[in-house]
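Asks: First the structure, which I've put down as structure tokens, then a few questions once you've had a look.
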Amino acid sequence: MRITFLGTGTSQGIPIIGSKHPVCLSDNSKDKRLRVSVLIEWDDYAFVVDCGPDFRQQMLRAKVSKIDGIIFTHEHADHTMGLDDIRPFFFRQGDIPLYAHKRVFAALEKRFDYIFTTGKKYPGVPSVTKQEIINSPFRVGNIDVTPIDGLHYKLQVFGFRFKDFAYLTDMKTIEDEEIEKLRGLDVLVVNALREEPHISHFNLEEALEFISRVKPKRAYLTHISHLLGFHEDVQQKLPDNVFLAYDNLQITI
Ligand SMILES: [Zn+2]
Ligand SMILES: [Zn+2]
4 MRITFLGTGT SQGIPIIGSK HPVCLSDNSK DKRLRVSVLI EWDDYAFVVD
54 CGPDFRQQML RAKVSKIDGI IFTHEHADHT MGLDDIRPFF FRQGDIPLYA
104 HKRVFAALEK RFDYIFTTGK KYPGVPSVTK QEIINSPFRV GNIDVTPIDG
154 LHYKLQVFGF RFKDFAYLTD MKTIEDEEIE KLRGLDVLVV NALREEPHIS
204 HFNLEEALEF ISRVKPKRAY LTHISHLLGF HEDVQQKLPD NVFLAYDNLQ
254 ITI
């Protein structure tokens with residue numbers, strides 16, 4: 004299984020438009036972060052988790068020519084607003100499978116009514132198939148994916164376990180029984196926004212505490228704010244098996 008970090012930034016991305024913050028002005032490519040998303044590939048399958056406003060650029064950058072589906076964590080704009088750019092995939096492949104909680108589909112249907120309409124569509128509008136996720140394993144390609152249920156302040160959010168890889172973002176609260184689903188991981192990806200506490204995201208300390216409870220072999224931090232600091236400085240402060248993810252990073256499991 005190969006994981007490509009398509010984006011590792013928080014909702015505004017890094018740099019933030021117009022910002023003079025030193026991290027936003029950094030020349031290090033690892034300090035440039037598109038909105039958060041990952042590409043997960045195994046056998047001949049390619050699935051994307053979330054589809055934010057940078058989706059087009061991310062698909063071009065990672066040279067993705069086919070996707071088997073998009074799996075949504077939740078409906079926030081930084082995770083969904085690239086949906087229109089499934090068009091090239093739709094033209095080549097036909098309807099694109101989407102996997103999401105029914106509340107997330109309701110939000111997508113409002114924002115992208117022209118995609119979901121059952122009436123006559125304007126020429127060129129893409130089509131999708133909908134697979135609602137509840138908190139129990141579901142099939143993607145030839146494997147079962149286990150949802151991990153959590154809270155993002157008061158909003159329900161899903162993380163996902165694919166074999167021994169788990170991807171959790173925009174989490175703030177996770178019940179013990181959900182943590183049990185994360186035993187024996189090779190790689191855990193989890194959100195760590197910044198050092199200061201935040202109402203709806205793990206800060207760095209909470210993310211590290213979570214990692215030490217889950218005990219994966221390795222962990223990667225994502226959904227990063229410019230306020231966390233320069234990539235190289237933050238990496239030096241982390242435990243040996245914890246890494247700050249960065250855009251274009253690929254790992255194999
Ligand atoms: Zn987010
Ligand atoms: Zn969010």
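When the letters of the sequence shown are read in order and numbered with the numbering used here, they come out as residues 4 to 256. Yeah, the Cβ is synthetic: ideal placement off N, Cα and C, and Gly gets one too.
(1) What's the C-alpha gap between ASN31 and LEU231?
(2) Return the residue from the list ASP34, PHE163 and PRO91 that minimises the CA-CA distance to ASP53.
(3) Between SER139 and HIS104, what straight-line distance do the alpha-carbon atoms span, to the nearest angstrom?
(4) Can you give me the start and stop residues for the alpha helix (DSSP H) that ALA257 sits inside?
(5) Name, in chain order, the residues that DSSP records as bridge partners for HIS77.
(6) Which term fits TYR223, buried or exposed, when burial requires 16 or more other beta carbons within 10 angstroms of its beta carbon?
(7) Quick one: what's got a C-beta closer than 6 Å to GLU135's C-beta in the same chain, skipping five residues either side?
(8) Only counting the same chain, and skipping five residues up and downstream in sequence, which positions put a Cβ closer than 8 Å to that of ALA65?
(9) Is the Cβ-Cβ distance between SER228 and LEU196 less than 9 Å?
(10) Round the Cβ separation of PHE161 and ILE146 to the nearest angstrom and send it over; I've been treating them as touching at under 8 Å.
(11) Can you tell me which residues form a DSSP beta bridge with TYR102?
(12) For LEU28, which residues does DSSP report across the bridge?
(13) What would DSSP say about ALA258, mapped onto helix, strand or coil?
(14) Could you tell me the distance, in whole angstroms, from the CA atom of GLN96 to the CA atom of ILE73?
(15) For ALA248, count the other beta carbons within 10 Å of its own beta carbon; 16 or more makes it buried, fewer makes it exposed. Which is it?
(16) Specify the secondary structure class of PRO150 as computed by DSSP and reduced to three states.
(17) Below 7 Å CB to CB, which residues in the same chain sit around PRO176 once its five sequence neighbours on both sides are set aside?
(18) Between ILE99 and PHE168, what straight-line distance do the alpha-carbon atoms span, to the nearest angstrom?
(19) Kindly indicate which residue of LEU37, ARG5 and MET4 has the alpha-carbon position closest to the one of ILE19.
(20) What's the gap between the Cα of GLN239 and the Cα of GLU198?
(21) For LYS157, does the count of other Cβ atoms within 10 angstroms reach 16, so buried, or fall short, so exposed?
(22) Along the chain, where does the beta strand (DSSP E) that runs through ARG142 open and close?
Replies: Here's the rundown:
(1) Those two C-alpha atoms are separated by around 15 Å.
(2) Among ASP34, PHE163 and PRO91, the Cα nearest to that of ASP53 belongs to PHE163.
(3) When rounded, the distance between both Cα atoms is 11 Å.
(4) Any property of residue 257 remains undetermined from this structure, which presents the chain solely from 4 to 256.
(5) The partner list for HIS77 (beta bridge, DSSP) is empty, contrary to what the question assumes.
(6) Counting other Cβ atoms within 10 Å of its Cβ, TYR223 reaches 16 or more and is therefore classed as buried.
(7) If we look at GLU135 and ignore the five residues flanking it on each side, its Cβ neighbours are LYS105.
(8) Once the five neighbours on either side are set aside, the close Cβ partners of ALA65 are THR7, LEU9, LEU42 and ASN251.
(9) It is a contact, given that the beta carbons lie within the stated cut-off.
(10) Contact between PHE161 and ILE146 is ruled out by a C-beta separation of about 16 Å, above the 8 Å threshold.
(11) In DSSP, TYR102 forms a bridge with ILE74 and GLN134.
(12) In the DSSP output, where bridge partners are listed per residue, LEU28 has none listed.
(13) The first residue shown for the chain is 4 and the last is 256, placing residue 258 beyond what the model contains.
(14) Distance between the alpha carbons of GLN96 and ILE73: 14 Å.
(15) ALA248 should be labelled buried.
(16) Correct three-state label for PRO150: strand.
(17) First, the amino acid is wrong: residue 176 is Thr here, not Pro. Sequence-distant Cβ neighbours of THR176 in its own chain, meaning closer than 7 Å and more than five residues away, are GLY153 and LEU154.
(18) Using only the alpha carbons, I get a separation of about 24 Å.
(19) The option with the nearest alpha carbon to ILE19 is LEU37.
(20) If I take the Cα positions, the gap works out to 15 Å.
(21) Classification for LYS157: exposed.
(22) Following the DSSP letters along the chain, one finds ARG142 inside the beta strand (DSSP E) bounded by residues 141-143.
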